[in-house]
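Numbering (this note's numbering), first residue to last: 853 to 1241. Here the structure is laid out as structure tokens; the discussion comes afterwards.
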């Protein structure tokens, strides 16, 4: 049986809601694609647009994608001004990533600010709600996935043994200080111990794959200077290659915006564009929507054409989510959400309008359970979305 796979693609600053969302009065299969989604026409029967969702606790329009895949309450921990929980991709990765070289792969961009994504290093947050780093350029991702190691097997084995020895020493020290701690310190120590267990798991996986050569790729090492539209396209190529060679079964990509706008000739700043009104800013936003839809259509083409190591079609066994935690401007309701692929067994080719403020985490729960991931809830979820399951 072909393995299940997940791809989460997140973008900042939302969309042009007047021309990106289908007409809310026309649902089901016979809906018309709006201009912002027109480049996806050839795939219309293979994706579903979901309207009506939001995160219950999202009240910061500058929070970006920080809580997009978690739905966490940032103020749920007394005395803390920020709190996050595990993201949907990492819930999937804990089960789907056990047999692959990379439990998950996080892609992001080198844009340090102004991306509309908010705090975080990628779209992924670990089991303790800590941000997970990602590959900032296509070249870095390519080298990690496909380039031969620059050090010998013996050197890498020695380095792993050293890390293992240090970890063992730290674990022994922790045992000595556990006694006599108050509740607050005990909780902090538990977090620390979980971090150590995560390191132990990582070391175990690295040891398992130490002597296994990386797969060969038909892709060439990408240009280090790639930005904008070209960067997104190559990241999509790398994403497909990673799934195709079974390097991983879970990928997230926190996409750039400033460089994308520059590459398509838009001179309006990304944040200004998100606060559009009729005229130059709205035209810039619509041009952005079109470019992103064109790139997404190209990715769907590649997933449909690609075959995994077992010969099965990637698209048929992958669940792809494309969206944002923001509608546009400062609007946090009706998060733009597209779901494609056959991995979760959802109903495709539809336009679904859910009751206002349906938890977006209900969609994540539906996709995860549809892919046989064992969980009861995620974030503020209240149940599966029967309209797509």
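Each residue gets a CB set at the ideal place from its N, CA and C atoms; glycine is no exception.
So what does DSSP say about residue i, is it helix, strand or coil?
i            : result
residue 1172 : strand
residue 1189 : strand
residue 872  : helix
residue 1042 : helix
residue 867  : coil
residue 1142 : helix
residue 1235 : coil
residue 1180 : strand
residue 941  : helix
residue 971  : coil
residue 1072 : coil
residue 1229 : coil
residue 1206 : strand
residue 960  : coil
residue 903  : strand
residue 861  : strand
residue 913  : coil
residue 1067 : coil
residue 1088 : helix
residue 1159 : strand
residue 1049 : helix
residue 891  : helix
residue 1021 : helix
residue 990  : helix
residue 1081 : helix
residue 1061 : helix
Just the Cα atoms here: how many angstroms apart are residue i and residue j?
i            : j            : result
residue 996  : residue 1101 : 16 Å
residue 936  : residue 1231 : 10 Å
residue 1118 : residue 1110 : 9 Å
residue 1139 : residue 1116 : 8 Å
residue 1155 : residue 951  : 21 Å
residue 1011 : residue 1051 : 14 Å
residue 1056 : residue 953  : 11 Å
residue 1068 : residue 1000 : 10 Å
residue 1095 : residue 874  : 31 Å
residue 1262 : residue 913  : Nothing about residue 1262 can be read from this structure; the chain reaches only from 853 to 1241.
residue 1065 : residue 1058 : 12 Å
residue 1014 : residue 978  : 25 Å
residue 1171 : residue 1195 : 5 Å
residue 817  : residue 1228 : Outside the displayed span of the chain (853 to 1241) sits residue 817, for which this structure offers no information.
residue 944  : residue 1221 : 10 Å
residue 932  : residue 982  : 14 Å
residue 1206 : residue 1075 : 43 Å
Among residues of its own chain, excluding the 5 on either side of residue i, which ones have a beta-carbon nearer than 6 Å to its beta-carbon?
i            : result
residue 909  : 925
residue 1073 : 994
residue 958  : 974, 976, 984, 986 and 1104
residue 1161 : 1098
residue 871  : 886, 887, 888 and 1138
residue 891  : 1145, 1146 and 1149
residue 923  : 907, 1213, 1231 and 1232
residue 967  : 864 and 1109
residue 1017 : none
residue 1127 : 1181
residue 1070 : none
residue 1216 : 940 and 1230
residue 920  : 862 and 1177
Count the other CB atoms, across all protein chains shown, that sit within 10 Å of the CB of residue i; report buried if there are 16 or more and exposed otherwise.
i            : result
residue 989  : buried
residue 1107 : buried
residue 1002 : exposed
residue 1225 : buried
residue 938  : buried
residue 1044 : exposed
residue 1169 : buried
residue 1237 : buried
residue 1087 : buried
residue 1081 : buried
residue 1034 : exposed
residue 857  : buried
residue 895  : buried
residue 1188 : buried
residue 934  : exposed
residue 868  : buried
residue 1234 : exposed
residue 901  : buried
residue 1211 : buried
residue 1039 : exposed
residue 899  : buried
Note down, in chain order, each residue of its chain lying with its Cβ closer than 8 Å to the Cβ of residue i, except the 5 sequence neighbours on either side.
i            : result
residue 1005 : 1062 and 1063
residue 1125 : 865, 1113, 1118, 1133, 1136, 1137 and 1140
residue 1120 : 1113, 1132, 1133 and 1136
Can you find the residues in the same chain that come closer than 7 Å, C-beta to C-beta, to residue i, ignoring five residues on each side of it along the sequence?
i            : result
residue 949  : 955, 956, 1100, 1101 and 1102
residue 1023 : 1048
Exercise for the section: Spell out a yes or no on whether the segment 897–912 and the segment 1165–1184 are touching, meaning 3 or more CB-CB pairs, one atom from each, closer than 8 Å. Expected result: The segment 897–912 is in contact with the segment 1165–1184.
Practice task
Determine contact between the segment 1198–1206 and the segment 880–899, defined as no fewer than three beta-carbon pairs at a distance below 8 Å.
Solution key: Segments in contact, yes.
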